[in-house]
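Numbering (this note's numbering), first residue to last: 2 to 215. Reviewing the structure listed below.
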Ligand SMILES: *Cc1c(COP(=O)(O)O)cnc(C)c1O
């Protein structure tokens with residue numbers, strides 16, 4: 002097996018084990034390979050190995066890498082996982098299939114104006130960190146109903162827990178917020194913590210390093 006195939010196999014097994022430990026089905030969890038800073042060649046190896054969902058965090062970088070790849074592999078699903086500026090909404094809407102980082106009304110309005118209809122996750126600032134993107138927990142109910150009123154397709158909630166601390170309480174909190182507000186998708190968990198995210202009901206994990214480095 003190629004390195005890419007070996008890593009893909011290992012990540013799928015780890016997700017399946019974590020799902021089992023959480024009494025869930027592995028098929029409930031979408032694995033997104035976050036390919037920011039990775040070359041087209043590295044990405045293509047992973048596509049050839051069978052990976053289909055990919056994430057990028059910058060519109061410009063994605064525009065440089067993905068139009069050709071998407072033409073060659075039309076069933077690839079491309080996720081925008083990074084902070085999105087409103088003035089990039091139109092370009093993002095044209096290139097991406099899923100957006101994970103809707104965190105303010107002005108961006109929602111820009112996406113509507115751009116004709117965006119794809120699955121959209123609301124990013125929550127789950128650790129209430131000043132420097133981090135995401136809507137404040139206290140503002141989530143209002144933001145959610147405002148976004149729903151615009152007709153955007155709310156697919157779920159997304160969060161990045163604070164670094165250097167145990168992430169599971171934050172995953173549990175995001176899951177609780179999703180249940181309370183009748184949202185089904187949960188985009189949470191990265192290379193270092195996707196196992197606990199899956200145990201705590203993530204429906205989508207965003208994995209970068211573990212896909213591309215040993
Ligand atoms: C880079 C990135 C990831 C992946 O992080 P790793 O720790 O490399 O797995 C996940 N989510 C977002 C938003 C990212 O920017």
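From the three backbone atoms N, C-alpha and C, an ideal C-beta is built for every residue, glycine too. No experiment lies behind these values; they were computed from the predicted model shown.
Note on geometry: alpha-carbon atoms of residue 48 and residue 69 lie some 13 Å from one another.
Annotation for residue 191 indicates a beta carbon within 7 Å of some heavy atom of ligand 1. Excluding residues up to 5 positions away in sequence, 48 lie with their Cβ nearer than 6 Å to the Cβ of residue 74 in the same chain.
If you look at residue 200, you'll find it in the alpha helix (DSSP H) that goes 195-200.
Ranked by Cα distance from residue 88, the options 141, 208, 61 and 201 are led by 61. At least one heavy atom of ligand 1 falls within 7 Å of the beta-carbon of residue 207. Secondary structure remark: continuous alpha helix (DSSP H) runs of at least 4 residues inside the segment 104-155, in chain order: 106-114 and 141-151. At a Cβ-Cβ threshold of 8 Å, residue 207 and residue 35 count as neighbours.
Cβ-Cβ distances below 7 Å link residue 107 to 87 in the same chain, with the five nearest sequence neighbours on each side left out; the list follows chain order. By the 16-neighbour rule on beta-carbons within 10 angstroms, residue 57 is buried. At least one heavy atom of ligand 1 sits closer than 7 Å to the Cβ of residue 35.
Taking a 10 Å sphere around the C-beta of residue 39, we find 16 or more other C-beta atoms and assign the residue as buried. Straight through space, the alpha carbons of residue 187 and residue 20 are spaced by roughly 14 Å. Taken atom to atom, the span from the alpha-carbon of residue 205 to that of residue 54 is near 10 Å. Minimum Cα-Cα distance from residue 118 among the listed residues 167, 168, 3 and 97 corresponds to 97. A straight line joining the alpha-carbon of residue 90 with that of residue 84 spans about 11 Å.
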